[in-house]
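Report on the structure given below.
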Amino acid sequence: MSSDIKKIQDDFERCSQKINEHVFGQTHAIEAAFVALLTGGHVLLEGVPGLAKTLTILSLARTLSCSFGRVQFTPDLMPLDIVGSSILNQNKFEFHPGPIFTELLLADEINRAPAKTQSALLEAMQESTVTADGKTHPLPEVFTVFATQNPIEQEGTYPLPESELDRFMMMVQMDYPNEDDELKVLREHHQRSSSFDLAQIEPVLSAEQVLTYRGLVQSLKVGDEVLDYINRLVRATREHVAVSVGASPRAGLSLVKASKASAALKGRDFVTPDDVKRWAYPVLRHRLVLRPGAELNGTTADDVIRSLLGSLKVPT
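With my numbering as the guide, the letters of the sequence shown map in order to residues 281 to 596.
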């Protein structure tokens, strides 16, 4: 087991190194993407325009020998534009699959489209299938959604419904790079006459390897005391004074998976409470609905999670 886990760690570091040649200051988002890949989860990346959200996922796709599709969400995008439609051909309807039929899907600026179009992803994200014209079509085993969104307060965006938010394993908030990383961006790109060629990135992993690694991550050890810690944390979100709707049981399952993948990326075959603490924020923040009074006072979901992590007894 240890040599297999070491292989996961080594391949992750190789992929990260290639991505970091083009993307600076977003190491947490890159790690989150690999956590999702290793667990079959989906990731929502949130941040203002210009933070390399799309570039991060495009660079990730190049490190994997997987099929890749991209959908630019716009206000006039229709569900059929995503899942596909049946077309009459010689007196017979034939289903023409949409861009969702891929292994890695980039849903760019997902909150630019209305709820009806956003919901076209619900079945795909939960069941890895698409139903069209009464027939169910399976999606690839490695199917993973990486969605980007601009903050809700920006003009021309639509909040994602809670049912869809819960389908995302985690929401990663991408912030401005630090001063050194931003200076590196300027140094690396000021002389380029055009954008760099991502095709120069050589693949490191195949879809088959990703599936193998998922099996290894699934088999990692999680002690009863860690499971109890996760359970207490999730249940405590429902009792917090600032929260009107707490995290669901699916959140607890996602936190277990993320913690196991995090351990594997660190070369360990067991989960520690530190893994849980590290991924509690991206796994829980988008699942908490705060009371209006708490929001008016400036309380955020991260504030709630921070207070709970500080108050709960940590297993030793």
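All C-beta atoms in this analysis are idealised placements derived from N, C-alpha and C, irrespective of residue type, glycine included.
Short Cβ contact (9 Å threshold) for Leu491 with Val422:
By one-based count along the sequence shown, residue 491 stands at place 211. By one-based count along the sequence shown, residue 422 stands at place 142. Going by C-beta atoms, Leu491 is nearer than 9 Å to Val422.
Check this for me: beta carbons of Gly349 and Leu325, under 9 Å apart or not?
If you number the sequence shown from 1, residue 349 lands on position 69. If you number the sequence shown from 1, residue 325 lands on position 45. No; because the gap between Cβ atoms is not below 9 Å, this pair is not in contact.
Range of the contiguous beta strand (DSSP E) that encloses Glu326:
Within the sequence shown, the letter at position 46 stands for residue 326. That run of the beta strand (DSSP E) goes Val323 to Glu326.
Between Lys537 and Thr319, is the Cβ-Cβ spacing less than 9 Å?
Position 257 of the sequence shown, counting from 1, holds the residue named residue 537. Position 39 of the sequence shown, counting from 1, holds the residue named residue 319. In contact: Lys537 and Thr319 (Cβ atoms closer than 9 Å).
Are the CB atoms of Leu535 and Leu513 within a distance shorter than 9 Å?
Locating residue 513 in the sequence shown gives position 233, where the first residue counts as 1. Locating residue 535 in the sequence shown gives position 255, where the first residue counts as 1. Cβ distance < 9 Å, so Leu513 and Leu535 count as in contact.
Checking 9 Å against the spacing of the C-beta atoms, do Val351 and Pro394 come in under that value?
Taking the first residue of the sequence shown as position 1, residue 351 is located at position 71. Taking the first residue of the sequence shown as position 1, residue 394 is located at position 114. No, these two residues do not count as a Cβ contact at 9 Å.
Hey, which unbroken runs of the alpha helix (DSSP H) at 4 residues or more fall wholly within the segment 455-505?
459-469 and 487-498
Length of the line joining the Cα atoms of Gly532 and His470:
Along the sequence shown, read from residue 1 onward, the residue named residue 532 stands at position 252. Along the sequence shown, read from residue 1 onward, the residue named residue 470 stands at position 190. C-alpha separation (whole angstroms): 45 Å.
N-terminal and C-terminal residue of the alpha helix (DSSP H) that Lys537 is part of
The residue labelled residue 537 in the question sits at position 257 within the sequence shown. Segment Pro529 to Leu545, the alpha helix (DSSP H) holding Lys537.
Relative to the C-alpha of Tyr509, which candidate in Asn430, Ala341 and Ala560 has its C-alpha closest?
Position 229 of the sequence shown, counted from the start, is the residue given in the question as residue 509. Closest option to Tyr509, Cα to Cα, is Ala560.
Determine the contact status of Val484 and Lys286, defining contact as a CB-CB distance below 9 Å.
For the purposes of this step, residue 484 is taken as residue 204 along the sequence shown, with counting starting at 1. For the purposes of this step, residue 286 is taken as residue 6 along the sequence shown, with counting starting at 1. No, these two residues do not count as a Cβ contact at 9 Å.
What three-state label does DSSP hand Ser347 in the structure shown?
The residue given as residue 347 occupies position 67 in the sequence shown. Reduced to three states, the DSSP call for Ser347 is coil.
Quick check on Asp554: does DSSP put it in helix, strand or coil?
Taking the first residue of the sequence shown as position 1, residue 554 is located at position 274. The answer is helix: DSSP assigns Asp554 an H, G or I state.
Among His566, Ala412 and Arg392, which one has its Cα closest to the Cα of Asn430?
Position 150 of the sequence shown, counted from the first residue, corresponds to residue 430. Answer by Cα proximity: Arg392.
When DSSP labels each residue in this structure, what does Thr397 get in the three-state scheme?
Numbered from its first residue, the sequence shown carries residue 397 at position 117. If DSSP states are grouped into helix, strand and coil, Thr397 belongs with the helices.
How long is the line joining the alpha carbons of Gly305 and Ile390, rounded to whole angstroms?
Counted from its first residue, the sequence shown places residue 305 at position 25. Counted from its first residue, the sequence shown places residue 390 at position 110. C-alpha separation (whole angstroms): 23 Å.
Does the separation of the CB atoms of Glu383 and Ser347 fall below 9 Å?
Mapped onto the sequence shown, residue 383 falls at position 103. Mapped onto the sequence shown, residue 347 falls at position 67. Yes, these two residues count as a Cβ contact at 9 Å.
Is Lys287 helix, strand or coil by DSSP?
Stepping through the sequence shown from its first residue, residue 287 is reached at position 7. Lys287: helix per DSSP, three-state reduction.
Judging by CA-CA distance, which residue of Asp455, Ser542, Gly573 and Leu568 is the nearest neighbour of Gln289?
Against the sequence shown, residue 289 aligns to sequence position 9. The residue with the shortest Cα to Cα distance from Gln289 is Ser542.
For the putative contact between Val506 and Val556, defined by C-beta atoms under 8 Å, what is the C-beta separation to the nearest angstrom?
What you label residue 506 is simply residue 226 of the sequence shown in a count that begins at 1. What you label residue 556 is simply residue 276 of the sequence shown in a count that begins at 1. About 7 Å; that satisfies the 8 Å criterion.
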